[in-house]
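As structure tokens, the structure follows; a few thoughts come after it.
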Amino acid sequence: MTDQAVDAGGTKVSKKGRRPAAGSAPTESQFLGRTRELKGLRVDIERTGLDTLAGRKAPRARVLLIAGKPGSGRTALAAELVRQVADSYPDGVLRARLTEPDGTPVPTERTARDLLGALELTAPAGADEDELSEALREALATRRMLLLLDDAADAEQVDALLPETPDCLVVAVSRGPLTGISDVRPCTLGGLDTKSALELLGRYTGSVRITVDPRAAEGLVEICAAQPAALVLAGAWLAHRPKSAVADLAKQLHTDGDDGPVLERVFRFAYTALSSTAARTLRLLSLAPAGLVDPHTASALAGCSVGAARTSLDDFARLGFLRPVESPLPQYEVPGCLLPLLRALTETDDRPAELQLARARMLERTVRLLVSCRAITETDSSPAREKLAGMPRTLRFPNPRAAADWLTIRQPALLAAARLAVADGELDTLARRLMAALVRAMVAHVGTQAAAADLYGIHRLVLDVAERRNLPRERAAALLNLADLDARTGRTTEALARYRAALDAGREANDPYATGRAMESVGGAHQELGDYDRAADWYGRALAQRLARDEREDAARLHGRIATAHTYAGRYGEALRNWRSAVTGYRRTGDVPGQARALSEMARVQEYAGRPEESLATCQEAVEWARRADDVRLQAALQLRLADTLDRLGDPAAARLHRGAAERMLGEEAPEDDSAREHDANACEIRSASTED
239 MTDQAVDAGG
249 TKVSKKGRRP
259 AAGSAPTESQ
269 FLGRTRELKG
279 LRVDIERTGL
289 DTLAGRKAPR
299 ARVLLIAGKP
309 GSGRTALAAE
319 LVRQVADSYP
329 DGVLRARLTE
339 PDGTPVPTER
349 TARDLLGALE
359 LTAPAGADED
369 ELSEALREAL
379 ATRRMLLLLD
389 DAADAEQVDA
399 LLPETPDCLV
409 VAVSRGPLTG
419 ISDVRPCTLG
429 GLDTKSALEL
439 LGRYTGSVRI
449 TVDPRAAEGL
459 VEICAAQPAA
469 LVLAGAWLAH
479 RPKSAVADLA
489 KQLHTDGDDG
499 PVLERVFRFA
509 YTALSSTAAR
519 TLRLLSLAPA
529 GLVDPHTASA
539 LAGCSVGAAR
549 TSLDDFARLG
559 FLRPVESPLP
569 QYEVPGCLLP
579 LLRALTETDD
589 RPAELQLARA
599 RMLERTVRLL
609 VSCRAITETD
619 SSPAREKLAG
629 MPRTLRFPNP
639 RAAADWLTIR
649 QPALLAAARL
659 AVADGELDTL
669 ARRLMAALVR
679 AMVAHVGTQA
689 AAADLYGIHR
699 LVLDVAERRN
709 LPRERAAALL
719 NLADLDARTG
729 RTTEALARYR
739 AALDAGREAN
749 DPYATGRAME
759 SVGGAHQELG
769 DYDRAADWYG
779 RALAQRLARD
789 EREDAARLHG
799 RIATAHTYAG
809 RYGEALRNWR
819 SAVTGYRRTG
829 DVPGQARALS
839 EMARVQEYAG
849 RPEESLATCQ
859 EAVEWARRAD
869 DVRLQAALQL
879 RLADTLDRLG
889 DPAAARLHRG
899 AAERMLGEEA
909 PEDDSAREHD
919 ANACEIRSAS
929 TED
């Protein structure tokens, strides 16, 4: 991960010192003050930590704790410490925020998965907290890394992520002490020293306004309690009013009294200077998912144009109310220390109906952007082109790459939007549309396998809404999707339980597709668990439904699945009868490739049953149908099978001819072709299962 420094105002900047968005007041990034705290923290790194019981070196990573109120610059200090010592940890730096902008602790499951993703390691979709924490510890066991865990809510959050190696270092940021983690000495922050505080003010106001009246500047620092967040707001207010003296601001703040925390008083003063329209827009930004705002989000919340929203966001960043996020797209963060203040204002100044309408506009805009994001990948489709053409220009993406980049950059906010919409409970229709659009966009740009973990979380949200609203059809769909992801990651028992629940929901909804798919999937789960009798039984139930609905293609496929279950169980007679039915079904529907594959499997079963002559004849017929289907890989695999059968029948010359034919089809490495490898693997697997039975 690319290291980032954070200045006293908390704005992320690159190593080259370039800010991610124009308009922020300071022109350079340089950490201010905290010399004593940094020195103490660095000394603490070198201090020998001992296991309090055994008196030996602790087996876990050392934890350095930086404690302070929001707005005290605690995250900035942690980032500066990380910057200074990062070279001692050659495997890199990992960062995670452990609390949501609304104060809700982030589930350890999500944090561990994100950290594994940063290490370019994948964890199974649906893995629980213990599995993911253990996977993270295993990944860090052989690495020398530094972890920055920001805004920890309690010791349990940090403890669950601690590497089991003293070669790693954890820097934790919290409001208070983390009782329960051994050998932790907190570095508790107050205000900046006066010199650093004055320098921070000067970054916004210019040095002249500080030097012409140093006593007034020192008085302003004292009123702000030298808190970085308060000083940023005060400095930005002065920068916006070049004719106002520092003494004027100090006097006004002093006149307002000292009721309440200092940050709240300075924020209230800066906020009251806004126009009513700007003040309303700023309040509504507190509704932004994950505290991340882009022009579209601000536009939808405030009910204004995208251009006007972009101008407002730039203005708010200059005034210290927002922090620009380093990103190829314009994006801003609402500082965590200001979010509670903004939310308190929405409760007093905005009617609940207005806030709900703003949320609805934001979700509707997000849905339309996701629809556009997916539609740009389907430009060959006439409906997709019509859909794109009917959208406003501001909602269209210029090309698929731009849409994919937007999806990647905004993904944390999009997932947070889905979680918030479901938690709201009053916008379930929009929540369902949002999740459906998000799934389609992620599958289109990322793929089902790569996005499996996020899709798993979305399907769980869909299930929550379906259960709350008593929507059996959607409950069945969500359960089927979750079960499929469970099955792909080897949690077959969990998948089986969900497939059964999906079957019940499908029957309740009178949904033949869901019930048929659930019955077939129950059979597949039993087959995976080695219960071939139950597998064949459930496949048979699904087949009966398909036949009753005259769904011939699915019926032919299910005959093949029943045959496979019987083959695994060593019941070759039953298997052959079902393969014959499958061949007949494919022939009636005109599915030439399906007929070729079914004949191929039928020949294989005949071989297992000890009928080489029948297998030879069936295999030759399968070759002809594979040729008609233009399936070169299947032809090559069948030629190899013919060669094996002829060898067993004592005709090596003919066997060589068929192997030569396979080589001509796929080249000299034909025996290593995927189809051939699949043929050999399946043969070994079925023979093994038959032997065990």
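Residue numbers for the sequence shown follow my numbering, so the first one is 239 and each next one is one higher. Glycine is no exception: its CB is placed at the ideal position from the N, C-alpha and C atoms. Note that the coordinates shown come from a computational prediction; the quantities given were computed from them, not determined experimentally.
query                                                                                                                                                                  : result
Kindly provide the ranges of any alpha helix (DSSP H) runs that are 4 or more residues long and lie completely inside the region 627–711, ordered along the chain.     : 638–662, 666–683, 690–707
Entirely within the region 833–914 and at least 4 residues each: give me those alpha helix (DSSP H) ranges in chain order.                                             : 850–866, 870–886, 890–904
Pull up the distance between the alpha-carbon of Leu796 and that of Leu872, whole angstroms please.                                                                    : 21 Å
Note down, in chain order, each residue of its chain lying with its Cβ closer than 7 Å to the Cβ of Gln465, except the 5 sequence neighbours on either side.           : Gly309, Ser310, Gly429, Val500, Leu501
Answer yes if the region 708–728 comes into contact with the region 737–749, meaning at least three C-beta pairs across the two stretches below 8 Å, and no otherwise. : yes
Quick one: Cα of Leu279 to Cα of Arg285, how far?                                                                                                                      : 10 Å
Can you give me the C-alpha to C-alpha distance between Ala763 and Ala363, rounded to a whole angstrom?                                                                : 17 Å
For Asn816, collect the residues of the same chain with a Cβ closer than 8 Å to its Cβ; drop the 5 residues on either side in sequence, then sort them by chain order. : His797, Gly798, Ile800, Ala801, His804
Start and end of the alpha helix (DSSP H) containing Thr417?                                                                                                           : Thr417 -> no alpha helix (DSSP H), and no H or E assigned at all.
What residues match up with Thr337 in a beta bridge as DSSP calls it?                                                                                                  : Pro343
So what does DSSP say about Asp282, is it helix, strand or coil?                                                                                                       : helix
Looking at C-alpha atoms only, which residue of Arg879, Leu887, Gly888, Arg886 is the closest neighbour of Arg897?                                                     : Arg879
Near Ala546, what residues of its chain come up, given a Cβ to Cβ distance below 7 Å and the 5 sequence neighbours on each side ignored?                               : none
Going along the chain, which residues of its own chain have a beta-carbon closer than 7 Å to the beta-carbon of Asp821, five neighbours each way excluded?             : Going by the sequence as given, residue 821 is Val instead of Asp. Correct list, in chain order: Gln833, Ala836, Leu837, Met840.
Beta-carbon within less than 7 Å of Cys575's beta-carbon, same chain only, minus the 5 sequence neighbours each way: which residues are those?                         : Pro308, Gly309, Ala467, Leu501
Looking at Glu367: is its Cβ nearer than 8 Å to the Cβ of Thr346?                                                                                                      : yes
Excluding sequence positions up to five away, which residues of its chain have a Cβ less than 6 Å from the Cβ of Ala377?                                               : Leu357, Leu359
Hey, how far is the Cα of Thr883 from the Cα of Val830?                                                                                                                : 24 Å
Is the region 606–625 touching the region 563–573 in the sense that three or more CB pairs, one from each, lie closer than 8 Å?                                        : no
By how many angstroms is the C-alpha of Ser759 removed from the C-alpha of Thr730?                                                                                     : 11 Å
What's the call for Asn637, buried or exposed, on a 16-neighbour Cβ count within 10 Å?                                                                                 : exposed
To the nearest angstrom, how far is the alpha carbon of Ala908 from that of Asp869?                                                                                    : Because Ala908 carries a pLDDT of 40, less than 50, the predicted location of this residue cannot be relied on, and the following value inherits that uncertainty. Spanning the two alpha carbons is a distance of roughly 14 Å.
Within 10 angstroms of its Cβ, does Ser412 collect 16 or more other Cβ (buried), or is it exposed?                                                                     : buried
Taking just the CA atoms, how far does Gly529 sit from Arg784?                                                                                                         : 50 Å
Three or more C-beta pairs closer than 8 Å, one from the region 682–692 and one from the region 733–740: is that the case here?                                        : no
Is Pro401 buried or exposed, if buried means 16 or more other CB atoms sit within 10 Å of its CB?                                                                      : buried
State buried or exposed for Asp788, treating a residue as buried only when at least 16 other CB atoms are found within 10 Å of its CB.                                 : exposed
Taking only the alpha-carbon atoms, compute the straight-line gap between Asp392 and Pro424 and give it to the nearest angstrom.                                       : 14 Å
Considering Cα atoms alone, identify which of Tyr777, Ala807, Ala756 is closest to Tyr770.                                                                             : Ala807
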